[in-house]
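Numbering-wise, the sequence shown is residues 58 to 517 according to the numbering used here. Here the structure comes first, spelled out in structure tokens, and everything after it is commentary.
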Amino acid sequence: MLREELPEIITGQVPGPKAEALLKKRDGALPKALCGYTYPICIKRGEGAVLEDIDGNKYLDFIGGVGVLNIGYSRPEVVEAVKKQAEKYFHCIFNVVAHEGYIELAEKFDELMPCRGEKKKTFFANSGAEADENAIKVAKAYTGRKGVICFSGAFHGRTNLTMALTAKKSYALGMGPFPSDIYRAEFPYLYRAPKGYSEKEAVQYYIDKLEKIFDEASPAKEIAAILVEPVQGEGGFVPAPIEWVKAVRKICDENGILLIADEVQCGNCRSGKYFASEYWKDADAAPDIITTAKSMGAGVPISAITASAEIMDAVPAGTIGGTYCGNPLACAAALKVMEIMKAENYAGKALEIGNMVMKRCNELKEKYEEVGDVRGLGSMIGIEFVKTKAGKEPYPEFVSQMIQNALQRGLMLENAGSYGNVIRFLAPLCITKEQLEKGLDIFEEAFKDTRKQMKKQGAA
């Protein structure tokens with residue numbers, strides 16, 4: 058079975074001839090912005106943590122659809138659940154006709170989400186960006202305020218509002234004007250905190266930076282929400298330190314601001330808990346609103362927004378919802394995903410995988426100058442590459458070359474970080490131990506080859 062196989066490149070190099078021909082057709086039919094060649098792969102089928110391309114090459118996927126495939130490709134029970142629903146009906150717009158799947162899924166999220174509130178309510182959208190945008194709408198409706206604070210390194214989507222919230226402006230090039238009343242503070246990126254600071258001093262430094270917004274940009278009484286990723290995704294897999302989260306929670310409570318946790322990427326067991334906000338809740342710093350998407354539907358588009366009934370019921374009729382939101386097929390997929398993840402302890406799998414990955418990557422960190430930092434939560438791990446440990450100079454060209462070296466061996470890796478110098482680990486949580494060990498072996502081989510290539514280039 059494909060789900061148990063190891064990577065194998067049978068065409069000698071990637072892309073193979075069939076993929077090359079299909080990619081040329083793609084280039085003629087699609088906008089250039091969608092026609093990159095970092096991954097010249099055309100999928101034929103996928104199972105578990107492995108995909109096969111149209112040339113018969115098999116790849117071990119450490120990207121997982123950028124966090125969508127925690128449960129893996131083509132989980133049979135999810136496939137069957139979607140088929141069963143499709144035999145009844147594909148669609149009904151929930152604002153007009155209610156269906157059982159939406160209600161059942163909302164009830165399960167109301168029980169599961171670790172946000173504040175005795176009684177919770179949930180509604181659904183189609184993507185992470187839509188979830189974040191709706192969370193902001195909910196916060197504005199409840200508070201009657203218009204300001205939003207976001208952070209350096211943040212990624213929240215590609216709608217007009219979420220492009221404004223996203224830090225890296227290559228995602229928003231030429232797309233303005235953007236909504237007003239959005240303010241950005243520095244995220245607590247401890248690896249790049251001011252030199253010589255202890256962790257406690259660094260946390261206070263970042264809290265001071267946040268509080269300056271109230272003096273220099275917007276009064277606290279005009280801020281509706283502070284939006285935070287518990288582990289930054291695109292920003293380089295940087296976890297928010299718990300002491301910093303506690304301090305932000307206190308600021309929110311003192312000023313009537315809602316705290317929103319964006320769990321689009323880190324949710325659905327990736328962090329070692331079902332939601333990373335459980336760590337916040339354990340520290341008595343639970344968020345007011347949680348958003349999630351990506352692995353929630355195993356690849357079928359769906360996202361969720363959850364908050365207390367008090368907050369949710371403040372939203373005016375007509376301002377939330379949409380044609381495909383809570384689509385019956387997506388709800389069927391999400392219900393089955395949740396059932397499997399709970400029954401098979403996917404959060405526990407994430408911890409086991411994370412321990413293996415951290416161990417191997419920390420061994421590289423101890424031996425080699427180029428591995429500057431290894432960090433993460435559960436199996437959401439970032440490996441940051443630098444030119445020197447002392448200078449911490451970002452080394453994005455190393456990462457770019459390493460991704461290509463790994464790809465030619467059948468391992469898919471992806472970069473992240475503001476400088477593009479982080480490799481993020483997002484393998485499906487159903488990956489076998491043999492596959493994980495093989496993938497980490499290829500990772501190390503690709504790393505060593507890249508070191509040699511970079512040294513030759515430097516000597517040339």
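Think of the CB as a built atom: it goes at the ideal place given N, C-alpha and C, for glycine as much as any other residue.
Beta-ladder partner(s) of residue i, from DSSP
i, result
"Tyr452", "Paired residues: none, contrary to the question."
"Arg102", "Glu109"
"Asp430", "Glu441"
"Pro296", "Val288"
"Gly313", "DSSP, once it has assigned bridges, lists no residue as partnering Gly313."
"Asp118", "Met469"
"Ile206", "Tyr240 and Ile283"
"Gln130", "Note that residue 130 is Tyr in the sequence shown, not Gln. Per DSSP, Gly105."
"Ala318", "Val285 and Ile347"
Distance between residue j and residue i (C-alpha atoms, nearest Å)
i, j, result
"Ile299", "Phe455", "31 Å"
"Ile317", "Asp112", "44 Å"
"Ala350", "Asn402", "19 Å"
"Glu423", "Gly253", "21 Å"
"Ser227", "Gly354", "28 Å"
"Leu386", "Val135", "10 Å"
"Asn312", "Lys444", "43 Å"
"Ile66", "Leu117", "11 Å"
"Thr95", "Asp498", "21 Å"
"Arg202", "Cys309", "13 Å"
"Leu80", "Pro97", "7 Å"
"Glu501", "Pro453", "17 Å"
"Met415", "Tyr425", "15 Å"
"Gly204", "Lys266", "17 Å"
"Asp84", "Cys92", "6 Å"
"Gly73", "Ala250", "44 Å"
"Gly158", "Gly69", "47 Å"
"Asp339", "Lys406", "20 Å"
"Ala14", "Phe151", "In the structure displayed, the chain extends from 58 to 517; residue 14 sits before or after that span and is not available."
"Tyr336", "Ala391", "23 Å"
"Val394", "Val125", "12 Å"
"Lys278", "Asp272", "11 Å"
"Lys449", "Thr489", "34 Å"
"Lys194", "Ser475", "27 Å"
"Val305", "Leu493", "37 Å"
"Ala196", "Leu315", "7 Å"
"Thr376", "Lys307", "30 Å"
"Ala282", "Glu190", "12 Å"
Close beta carbons around residue i, own chain, < 6 Å, minus the five adjacent residues each side
i, result
"Asn462", "Ala503, Asp506 and Thr507"
"Tyr199", "Ile368 and Ala371"
"Lys178", "Ala366 and Met369"
"Ile347", "Met170, Cys172, Ala318, Glu320, Ser334 and Thr363"
"Val302", "Trp337 and Ala342"
"Tyr248", "Asp430"
"Cys149", "His156"
"Leu421", "Val428"
"Gly378", "Asn152"
"Gly174", "Ser365"
Chain-order list of residues whose beta-carbon lies under 7 Å from that of residue i (same chain, five-residue window excluded)
i, result
"Cys487", "Gly105, Ala106, Ile128 and Gly129"
"Ile440", "Cys418, Val428, Val431, Val479 and Ile480"
"Met58", "Glu104"
"Ile270", "Ile206, Tyr240 and Ala242"
"Glu62", "Val107 and Lys115"
Residues of its chain near residue i, where Cβ-Cβ distance is below 8 Å and the 5 sequence neighbours each way are ignored
i, result
"Phe212", "Thr223, Ala224, Lys225, Tyr228, Glu286, Gln289, Gly290, Glu291 and Gly292"
"Gln458", "Thr507, Gln510 and Met511"
"Gly477", "Pro451, Pro453, Val456 and Ser457"
"Glu471", "Phe119, Ile120, Val123, Ile460, Ile480, Arg481 and Leu483"
"Leu468", "Pro64, Tyr116, Leu117, Phe119, Gly496, Ile499, Phe500 and Ala503"
Residue-level contact to chain C via CB, residue i, 9 Å cutoff
i, result
"Ala76", "No chain C is part of this structure, which consists of one protein chain only."
Could you give the uninterrupted runs of the beta strand (DSSP E) lying entirely in the region 236 to 294, keeping only those of 3 residues or more? 239 to 242 and 280 to 285
Stretch-stretch touch, CB-based, cutoff 8 Å, three pairs: the region 96 to 106 with the region 120 to 134: yes
For the region 340 to 419, list the beta strand (DSSP E) runs that are entirely contained and at least 3 residues long, ordered along the chain. 346 to 349 and 360 to 365
Minimum length 3: unbroken beta strand (DSSP E) runs contained in the region 437 to 508: 437 to 442, 471 to 473 and 479 to 482
Enumerate, from N- to C-terminal direction, the unbroken beta strand (DSSP E) stretches of 3 or more residues contained entirely within the region 61 to 105. 100 to 104
Would you call the region 160 to 167 and the region 397 to 412 touching, i.e. three or more CB-CB distances under 8 Å? no
Using 8 Å as the threshold, is the region 404 to 421 in touch with the region 340 to 347, meaning 3 or more CB pairs across them? no
Are the region 254 to 266 and the region 283 to 294 touching, with three or more C-beta to C-beta distances below 8 Å? no
With contact counted as at least three CB pairs below 8 Å, one residue from each stretch, are the region 322 to 329 and the region 425 to 441 in contact? yes
Touch check for the region 174 to 192 and the region 201 to 220: three-plus C-beta pairs under 8 Å? yes
Segments of 4+ residues assigned as alpha helix (DSSP H) that fall wholly inside the region 138 to 200: 157 to 169 and 185 to 200
Answer yes if the region 376 to 393 comes into contact with the region 175 to 182, meaning at least three C-beta pairs across the two stretches below 8 Å, and no otherwise. yes
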